[in-house]
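Protein chains in written order, with our numbering: chain Z, 53 to 292; chain S, 13 to 419.
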Ligand SMILES: Nc1ncnc2c1ncn2[C@@H]1O[C@H](COP(=O)(O)OP(=O)(O)O)[C@@H](O)[C@H]1O
Ligand SMILES: [Mg+2]
């Protein structure tokens with residue numbers, strides 16, 4: 053069996069609100085192994101984003117343990133977490149989160165700034181990554197000049213630039229029309245075929261159909277966890 | 013890594029040019045005014061030091077009391093209380109380098125068709141030594157000239173310029189003062205203004221006796237209003253003041269309960285106080301200018317704080333893709349430093365050019381020292397670090413997820 057990239061045990065998160073502590077995640081156990089393609093599903097407010105933010109080391113749990121590649125994240129300082137976010141995890145957001153005043157190649161290569169890579173090398177690698185997501189020739193454009201689907205491709209290129217083991221995506225197709233969403237999912241499928249572990253959140257069944265495994269959240273709990281045998285069949289060829 | 017951070021900071025500055033320019037403006041004004049004020053202050057100090065150096069060192073001036081001055085005992089008769097014999101007696105005291113009795117006044121000088129009014133100083137050769145006054149040509153009259161009241165004169169630059177043509181050599185020419193002809197035997201080196209702002213070069217120096225008899229027509233020949241005396245060193249001055257006072261009181265037969273019938277004025281002290289005044293003035297100017305530098309720094313802090321708030325989401329994104337707290341800190345700190353150094357450079361240029369402009373327009377003495385430029389530059393960089401640190405730390409301390417949620 054491949055090694056566990058993600059292993060969480062009794063993971064929980066409560067938010068401090070005006071009305072007191074609000075438990076958004078109420079103790080979940082889950083193991084995701086290398087090469088998996090997992091769709092996290094569930095109704096709005098069921099704790100999916102809360103869970104993803106914990107997995108992405110963007111937020112800290114209020115209970116339970118999270119082992120990322122068998123290292124307990126709870127004991128890490130902010131610098132170590134930053135290095136994980138930089139090297140091990142690639143995070144894709146629903147709203148793309150590109151820096152608006154930066155060229156696409158610089159946006160894509162931004163994580164390399166924090167890995168201490170030189171500018172020319174960064175740019176070259178940025179252009180290479182843009183080409184990989186089908187956007188060669190857009191290196192000097194600004195994010196506002198391209199479509200939402202293209203922006204999400206740029207964001208994926210950015211997530212990929214440090215060759216992470218794990219791609220986390222919180223509703224990556226949520227801001228896109230269904231056709232573009234399908235294309236993005238095809239890209240994820242292709243990356244998964246290359247061996248990258250992918251966890252993404254969606255509440256659309258036909259998006260989730262691309263994943264090999266579907267985990268369903270409800271009210272802060274995992275309520276189902278099924279293998280999706282038809283995933284490979286449902287997948288369309290990755291074209292742009 | 014620092015190179016990459018510099019690039020990021022540069023990029024951020026370029027993104028909001030208006031804001032960057034406005035932030036810089038505070039720094040520009042601050043550094044510009046510090047440089048300008050320091051140039052003016054140091055210029056004034058330099059001018060005073062220059063004047064003091066032309067005055068002669070360790071000097072006292074003895075001024076005789078007069079019949080009309082209350083509080084000062086008058087001598088017998090109506091003449092001045094000091095005389096040449098007093099000066100000769102003082103010269104015998106310890107620690108005295110030079111003593112020169114002086115009788116001076118303004119007189120009309122005539123040469124050919126030209127006439128010019130200047131200060132005529134009747135004195136002895138020791139006067140030139142005491143005042144450290146050198147000649148550019150000719151020679152100084154001697155003691156024998158004083159004894160026999162010869163009609164010779166040394167002429168200052170301003171007086172010479174006004175009596176003679178530019179290409180005319182005054183040496184050997186005869187000028188008239190009150191109908192009396194004087195042969196010019198020496199030309200005096202230029203000294204410029206004295207502490208009171210009077211032109212020291214608008215002067216003719218002649219033997220004391222000739223001055224008293226032919227020019228001023230003094231009834232009590234040998235009495236003088238002033239005596240210039242020079243102590244051998246600055247340390248000796250207090251002792252000299254005491255011994256001279258004691259000697260004169262004895263010579264003038266003043267009883268214990270009687271006031272001095274002369275004043276003794278310490279020129280070195282006057283010079284010191286003039287120097288001190290300009291020093292304080294230049295410090296004050298610097299202090300006032302520093303306030304604007306401080307205001308400039310606070311401006312940087314303000315804008316950086318606004319910038320951190322405005323860019324919260326950007327900070328969140330950077331953290332999400334691996335920026336450590338110190339990376340964010342460095343980025344914002346570098347931004348503040350770059351803004352203040354750029355502002356400082358512009359301020360330096362503006363400050364220096366306005367100083368030069370003032371110098372060109374008003375002839376005010378301006379001194380731009382490397383030191384003051386260096387100080388302004390270091391302070392500016394320091395201000396950048398100091399006032400940039402708080403906003404930068406605030407940015408670095410943001411929680412990644414909170415920053416990402418910020419709208
Ligand atoms: N920062 C927060 N502070 C307080 N409550 C929050 C915060 N973020 C999310 N919640 C609440 O936690 C619950 C789960 O939210 P979330 O994880 O975003 O759900 P999902 O992504 O599944 O829609 C929701 O009820 C939401 O209102
Ligand atoms: Mg969500």
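The C-beta atom is built at its ideal place from N, Cα and C for all residues, glycine as well.
Please name the residue or residues paired with residue i in a DSSP beta bridge.
i                     : result
residue 115 (chain S) : S:134
residue 178 (chain Z) : Bridge partners of residue 178 (chain Z): none, in fact.
residue 161 (chain Z) : Residue 161 (chain Z) is not bridged to any residue.
residue 124 (chain Z) : Z:119
residue 72 (chain Z)  : Z:69
residue 126 (chain S) : S:123
residue 282 (chain Z) : Answer is none; residue 282 (chain Z) lacks a bridge partner.
residue 76 (chain S)  : S:274
residue 164 (chain S) : S:195
residue 219 (chain S) : S:135
For residue i, which residues of its own chain have a beta-carbon under 7 Å away from its beta-carbon, when the five flanking residues on both sides are left out?
i                     : result
residue 14 (chain S)  : none
residue 163 (chain Z) : 138, 210, 213, 214
residue 290 (chain S) : 56, 57, 60
residue 150 (chain S) : 183, 197, 198, 199
residue 109 (chain Z) : 125, 133, 136, 137, 141
residue 224 (chain Z) : 144, 146, 204, 236, 252
State the start and end residues of the unbroken beta strand (DSSP E) segment that holds residue i.
i                     : result
residue 273 (chain Z) : 273-279
residue 242 (chain S) : 238-243
residue 187 (chain S) : 186-189
residue 253 (chain Z) : 249-253
Closer than 7 Å: is that where the CB of residue i sits relative to any heavy atom of ligand 2?
i                     : result
residue 100 (chain Z) : yes
residue 223 (chain Z) : yes
When DSSP labels each residue in this structure, what does residue i get in the three-state scheme?
i                     : result
residue 386 (chain S) : helix
residue 20 (chain S)  : helix
residue 410 (chain S) : coil
residue 101 (chain Z) : helix
residue 148 (chain S) : strand
residue 366 (chain S) : helix
residue 197 (chain S) : strand
residue 344 (chain S) : helix
residue 338 (chain S) : helix
residue 419 (chain S) : coil
residue 70 (chain S)  : coil
residue 218 (chain Z) : strand
residue 325 (chain S) : helix
residue 266 (chain Z) : strand
residue 91 (chain Z)  : strand
residue 28 (chain S)  : coil
residue 86 (chain S)  : Residue confidence is low: residue 86 (chain S) scores 47 on pLDDT, short of 50, so the model does not pin down where it sits. Its coordinate-derived value is still stated next. Of the three classes helix, strand and coil, the one that applies to residue 86 (chain S) here is coil, per DSSP.
residue 206 (chain S) : coil
Looking at the unbroken alpha helix (DSSP H) that takes in residue i, where does it start and where does it end?
i                     : result
residue 148 (chain Z) : Unbroken run through residue 148 (chain Z): none, as it is neither H nor E.
residue 65 (chain Z)  : Note, residue 65 (chain Z): premise wrong, no alpha helix (DSSP H); beta strand (DSSP E) at 56-69.
residue 249 (chain S) : 249-263
residue 244 (chain Z) : 230-245
residue 298 (chain S) : 279-322
residue 212 (chain S) : Counting along the chain, residue 212 (chain S) falls outside any alpha helix (DSSP H), and DSSP gives it neither H nor E.
residue 203 (chain Z) : 200-212
residue 172 (chain S) : 169-175
residue 1 (chain S)   : Past the edges of chain S, shown from 13 to 419, lies residue 1 (chain S), and the structure says nothing about it.
residue 157 (chain S) : 155-159
Does at least one heavy atom of ligand 1 sit under 7 Å from the Cβ of residue i?
i                     : result
residue 74 (chain Z)  : yes
residue 67 (chain Z)  : yes
residue 276 (chain Z) : no
residue 79 (chain Z)  : no
residue 96 (chain Z)  : yes
If I measure Cβ to Cβ from residue i and keep anything under 6 Å in the same chain, skipping five residues before and after, which residues do I get?
i                     : result
residue 495 (chain S) : For residue 495 (chain S) there is no data in the structure shown, the boundaries of chain S being 13 and 419.
residue 348 (chain S) : 312, 316, 396, 400
residue 279 (chain Z) : 265
residue 293 (chain S) : none
residue 68 (chain S)  : 142, 143, 144
residue 192 (chain Z) : 155
residue 202 (chain S) : 169, 213
Give me, in chain order, the residues of the same chain whose beta-carbon lies closer than 8 Å to that of residue i; leave out the 5 immediate sequence neighbours on both sides.
i                     : result
residue 153 (chain Z) : 194
residue 88 (chain S)  : Residue placement at residue 88 (chain S) cannot be trusted, given a pLDDT of 45 that sits under 50; what the coordinates show is reported in the next sentence. Correct list: empty, nothing qualifies.
residue 204 (chain S) : 62, 63, 66, 211, 212, 213
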